[in-house]
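Numbering (my numbering), first residue to last: 49 to 166. Below is one structure; the comments refer to it alone.
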Amino acid sequence: QVQLVESGGGLVQAGGSLRLSCAASGRTFNIYNMGWFRQAPGKEREFVARIRWSFGSGYYADSVKGRFTISRDNAKNTVYLQMNSLKPEDTAVYYCAASDTQGRYNYWGQGTQVTVSS
49 QVQLVESGGG LVQAGGSLRL SCAASGRTFN IYNMGWFRQA PGKEREFVAR IRWSFGSGYY
109 ADSVKGRFTI SRDNAKNTVY LQMNSLKPED TAVYYCAASD TQGRYNYWGQ GTQVTVSS
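Right, here's the structure in full:
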């Protein structure tokens with residue numbers, strides 16, 4: 049089992065920045081990718097970004113490319129999502145998730161609320 053705990057959400061004005069953290073524990077050696085997803089009220093959950101757990105750079109949804117940066121600190125078993133130039137449409141509950149080698153996101157955090165005011 050892998051446990052994931054997100055933190056760092058909050059209320060920010062449009063144009064501002066937030067950094068989300070996702071701390072992993074348990075059988076972290078089973079993790080292949082770490083991803084960030086979000087779900088806005090009345091909408092389906094959508095992919096935001098992912099990164100290989102062991103090496104490599106991030107991959108982003110078009111809606112956040114150039115504004116968000118995903119990174120990891122393997123020594124701390126933590127993945128980050130740096131969010132800059134935030135827009136009201138970025139308002140959502142943000143979830144981190146861990147995938148296996150088949151790309152199945154089997155483990156999810158509890159989510160953290162991000163609210164961007166206009």
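Where a beta carbon is used, it is the ideal one built from N, C-alpha and C, also for glycine. Since the structure is predicted, the reported quantities are computational estimates derived from the model, not experimental observations.
What's the gap between the Cα of G74 and the Cα of K135? If you draw a straight line from the Cα of G74 to the Cα of K135, it comes to about 35 Å.
Quick check on the DSSP output: the beta strand (DSSP E) that includes N81 runs from which residue to which? For N81, the enclosing beta strand (DSSP E) begins and ends at 81-87.
Measure from the alpha carbon of A123 to the alpha carbon of each residue in T76, G58, Q61, R152, then state which is nearest. Nearest option by C-alpha distance: T76.
Considering D121, what are the terminal residues of the beta strand (DSSP E) in which it resides? Counting along the chain, the beta strand (DSSP E) containing D121 begins and ends at 116-121.
Hey, how far is the Cα of I99 from the Cα of D138? It is roughly 20 Å from the alpha-carbon of I99 to the alpha-carbon of D138.
For L59, which residues in the same chain have their Cβ closer than 7 Å to its Cβ, ignoring the five residues on either side in sequence? The answer, listed in chain order, is T163, S165.
If you draw a straight line from the alpha carbon of R67 to that of Q61, how long is it in whole angstroms? C-alpha separation (whole angstroms): 14 Å.
Could you check where the beta strand (DSSP E) with N132 kicks off and where it finishes? For N132, there is no enclosing beta strand (DSSP E), as DSSP gives it neither H nor E.
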